[in-house]
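Engineer:
Number of protein chains: 2
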Amino acid sequence: MNQDGVDLETSLGYLLKEASSVLRAAMEEVLRPLGMSVTHYSCLELLAQRPGLSNSELARGAFVTRQSMNVLLQTLEREGYVTRPAEAPVGKVLPTRLTPRGRRSLEKATVAVRSVEVRMLAGLTETEQSGAFRILRSMIHSLRDGNDGA
Amino acid sequence: MNQDGVDLETSLGYLLKEASSVLRAAMEEVLRPLGMSVTHYSCLELLAQRPGLSNSELARGAFVTRQSMNVLLQTLEREGYVTRPAEAPVGKVLPTRLTPRGRRSLEKATVAVRSVEVRMLAGLTETEQSGAFRILRSMIHSLRDGNDGA
DNA sequence: CAACCTATGTCAGAATCCTGACATGAATCA
DNA sequence: TGATTCATGTCAGGATTCTGACATAGGTTG
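Sequence order for the protein chains is A and B. For the record, in the first sequence the residue sitting at position 130 is 130 according to UniProt numbering, with numbers rising by one throughout. For the record, in the second sequence the residue sitting at position 52 is 52 according to UniProt numbering, with numbers rising by one throughout.
1. Is there a Cβ of chain A sitting closer than 8 Å to that of Ser138(B), yes or no?
2. What number of angstroms, rounded off, separates the C-alpha of Val30(B) from the C-alpha of Ala112(B)?
3. Please check if any C-beta of chain A sits within less than 8 Å of the C-beta of Lys92(B).
4. Checking the sheet assignment: what are the DSSP bridge partners for Leu98(A)?
5. Name the chain A residues that come within less than 7 Å of Val22(B), Cβ to Cβ?
6. Let's see if you can read the secondary structure: which residues bound the alpha helix (DSSP H) around Met139(A)?
7. Count the other CB atoms, across all protein chains shown, that sit within 10 Å of the CB of Val22(B); report buried if there are 16 or more and exposed otherwise.
8. Provide the residue span of the alpha helix (DSSP H) that contains Ala88(B), from first to last.
9. Taking C-beta to C-beta, are Ala48(A) and Arg119(A) nearer than 8 Å?
10. Suppose you measure from the CA of Gly123(B) to the CA of Ser68(A); what does that come to, to the nearest Å?
11. In angstroms with no decimal places, state the Cα-to-Cα distance between Glu18(B) and Ala19(A).
12. So which residues of chain B does Ser11(A) contact, with C-beta pairs closer than 8 Å?
13. Within 10 angstroms of the Cβ of His141(A), are there 16 or more other Cβ atoms? Answer buried if so, exposed if not.
14. Identify which residue in Ala26(B), Val71(B), Ala25(B), Pro33(B) has its Cα closest to the Cα of Cys43(B).
15. What does Lys17(A) reach in chain B if we use C-beta pairs closer than 8 Å?
16. Say whether the region 89–104 of chain B touches the region 54–61 of chain B, bearing in mind that this needs 3 or more beta-carbon pairs closer than 8 Å, one atom from each stretch.
17. Quick one: does Met120(B) have its CB under 8 Å from some CB of chain A?
18. What are the residues in the region 66–78 of chain A lying within 7 Å of chain B by C-beta distance?
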C-alpha cells in the first residue's frame, strides 16, 4: 500500500497522465447517471459550439478515431440526439447538427461537467489558472512541433 | 478544417485532455520502434523504482485495471522481462521484479521517453515547470477529495 | 485536361480493455 | 477464538476502440 516516495511523481508527464486520469474518472462519475460517456459528451459539446462539424472533425476534437466517432454518431442519430443529411451537400462530408433533444441532453451534462471543472480548480487563483492554461498550451505546441517532423 | 475558435479551448479540462492525448501519442511514437506500449513502459518504470510491487499496485500506478495489468505481467514474465515467485511469500501478493533483460529494455525506453518529456518542457522556465507541477497536484487533490464523498 | 495526392465516410476484423464474479489470505473486531 | 471486512489474484464474458482497407470527392500540379 505504499504510494508515497515513487520517484515517478517528480515527472511532469506522469503527473499529467494522473491528472487526466482522475479528471476522466470524475467526469464519468457525474455523466453515468445521465447515461452518457465522456466521448458522448464531448461530441455533443463540440456540436453545440461548432454546428455542422463533420465526423472526422468531431473525432479529432474528441481524441478518438473517425471509426469510433462514426459508430457513436450512428447511435446518437438513431436515438435522435443529432441529425445528418442523407446526402452530402458538398463532397462526402456529412455536416452534423444537434437536435432539440440533443441540446436538452447536453444542457444537463454541461452542468455536471462544469461542476467537476469547478471542483478541479478549487484552491487555484485566477493567476494560477491562467498560468496553467498557458503552460498546457506550450506543452501541446512543443510536442506537436516535433511530432512527425523529427 | 477549422480548428481555431473552438470555445472548448478555454476549458482547462479540455486542454488537460488534449495535452495528455498528445503526450501519449508522442510516447507511443518513440516507444513503438522498441516494441513497447505506454502501459508496458509504465510497468517497467514502476518496477525499477519500486521493486517488488504487486500486480494491483502496478495497475493503480499505470492507471489500468488489475485484470489488464495481469495479462501484461503474464506476457512480460513469459518473455523474461520480469519475474514473479511461483508461490506468494506472504498472503496472495506476488511481488514482481525486473530481470536484467527487463532492466536493459527499460534503459532504452527511458531515454526515449525522457526525450519526449524534454521536448514537452522546452520553452518553459524552471519556475513555470515547478508551477505546473504544483498546479497539477492541486487539481488531482481537489478532484480526489470529492470523488466518492460527495 | 489528366494524373496525383489528400481527406472523407464506411466496412470488416482484430486487439485491447473493462465489468462481473469467484476463491483465498490477512486484518479487524466483538 | 470466530465472524466480518477488505484486498488480492484470477477466470470468463462482453463492450469498446483501434488497425487495415476500400471507394469516392476535391484540390493541386504538371
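All C-beta atoms in this analysis are idealised placements derived from N, C-alpha and C, irrespective of residue type, glycine included.
Structural biologist: Let me lay it out:
1. yes
2. 6 Å
3. no
4. Val82(A)
5. Ile140, Leu143, Arg144
6. 126–145
7. buried
8. Segment: none, Ala88(B) is in no alpha helix (DSSP H) and carries neither H nor E.
9. no
10. 35 Å
11. 12 Å
12. Glu117
13. exposed
14. Val71(B)
15. Ser20, Leu23, Arg24, Phe63
16. yes
17. yes
18. none
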